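So the structure is just underneath, and the comments pick up after that.
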Ligand SMILES: Cc1cc2nc3c(=O)[nH]c(=O)nc-3n(C[C@H](O)[C@H](O)[C@H](O)COP(=O)(O)OP(=O)(O)OC[C@H]3O[C@@H](n4cnc5c(N)ncnc54)[C@H](O)[C@@H]3O)c2cc1C
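In this note's numbering, the protein residues as written are -15 to 294.
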């Protein structure tokens, strides 16, 4: 949205292609007050998304919702695109530049793909991945046993929220805790109070649903195993960039990415192919945030203005 706004102001006719039903990306799911945006304190993610998308609509920017890019051909003038809009409708567009801003999604594949018994738990709603999804079920978890999987900030926030409100919480960390010190200290206090039981260096070998709850066997090494039983599991296993779709888009399949799939860009947000740019979380493994994504959009629009008008 930021890049579209800036490029419109710089004289281009941007088109936003969004497969969802609304603009806003991750903001739409973060129903918490965001205090990190200079000059706009005290708004939730959906409220920020609405503020931004209203601005985009006020600028009469061409927004295609429910739309997906299905073909990209490199041409002398830039690119020919085919966009699928709805079930049977496709549209052709031409563009001098392409900006990839497809963000992140929760990384569930390490658990769903690798741990036996994970998929049925996920399908029955007993295992979930989005960092804030425990907030909805807090009351229902009173007096229950929960496991939080992960060692980063989100796992610690979830363990803290759950243990300080209701549930007895196991914190399952494959290697060692990686949360910021201030977040870690809060959980350490709960560990000392006996409200959180931490299992560091523990590998989950399976999930087994039974009458007593969900049995989770843990292995530390070949000879050292234990088993815990819980009622609900919250996995906080990080994020992955939305870049798989590039593989099906001919010319864009060759775009350089790092070993985790993030698009590689230079300081002007130029990716490895001419007139292709990447902004926001999809190109920012180090400091993903709303303000960084908004700033990236402004930088890329100015890069496009330099590159296509020379
Ligand atoms: C729980 C949580 C809390 C957070 N809290 C904060 C906070 O307090 N402060 C802060 O600054 N940041 C916070 N963030 C991070 C912030 O939300 C992100 O940094 C920001 O939303 C990134 O914006 P983006 O546009 O790069 O990507 P996203 O918001 O991920 O948007 C990407 C968009 O691309 C679309 N898309 C995906 N695939 C395709 C495709 N193939 N074709 C077309 N479109 C596609 C998606 O539908 C989505 O609309 C939080 C994130 C989470 C998950």
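Ideal Cβ placement from N, Cα and C applies to all residues, glycine included.
This one's a predicted model, so the numbers in the text were calculated from it and none came from an experiment.
Per DSSP, residue 108 has no beta bridge partner at all.
Residue range 46 to 49 is occupied by the beta strand (DSSP E) that includes residue 49, with no alpha helix (DSSP H) assigned at that position. The nearest non-hydrogen atom of ligand 1 is 6 Å or more from the C-beta of residue 98. Assignment of residue 192 by DSSP, reduced to helix, strand and coil, places it in the strand class. The residue among 293, 26, 256 with its C-alpha nearest the C-alpha of residue 83 is 256.
In this structure, residue 71 lies away from residue 48, with their beta-carbon atoms at least 7 Å apart. Using a C-beta cut-off of 8 Å, the region 115 to 129 makes no contact with the region 224 to 242, since fewer than three inter-stretch Cβ pairs fall below that distance. DSSP places residue 243 in the coil class of the three-state scheme, outside both helix and strand. Collapsing the DSSP output to three states places residue 36 in a helix. In the structure shown, residue 138 adopts helical secondary structure according to DSSP, grouped into three states. Sequence-distant partners of residue 240 (beyond 5 residues in either direction) whose C-beta falls short of 8 Å from its own C-beta, in its chain, are 247, 248, 255, 256.
The Cβ atoms of residue 162 and residue 197 lie no closer than 7 Å to each other. In the structure shown, residue 208 falls within a strand segment according to DSSP collapsed to helix, strand and coil. Within 10 angstroms of the beta-carbon of residue 156 lie 16 or more other beta-carbons, which makes it buried.
In the DSSP assignment, residue 174 falls outside any beta strand (DSSP E) and within the unbroken alpha helix (DSSP H) covering 165 to 176. Residue 277 has its CB nearer than 6 Å to a heavy atom of ligand 1.
Residue 64 carries a strand assignment under DSSP once its states are collapsed to helix, strand and coil. Residues 188, 190, 191 of the same chain have their beta carbon placed closer than 7 Å to that of residue 99, with the five preceding and five following residues left out of the count.
Nearest neighbour of residue 106 by Cα position, chosen from 59, 194, 152, 216, turns out to be 216. Taking 6 Å as the cut-off, one finds at least one heavy atom of ligand 1 near enough to the beta carbon of residue 272.
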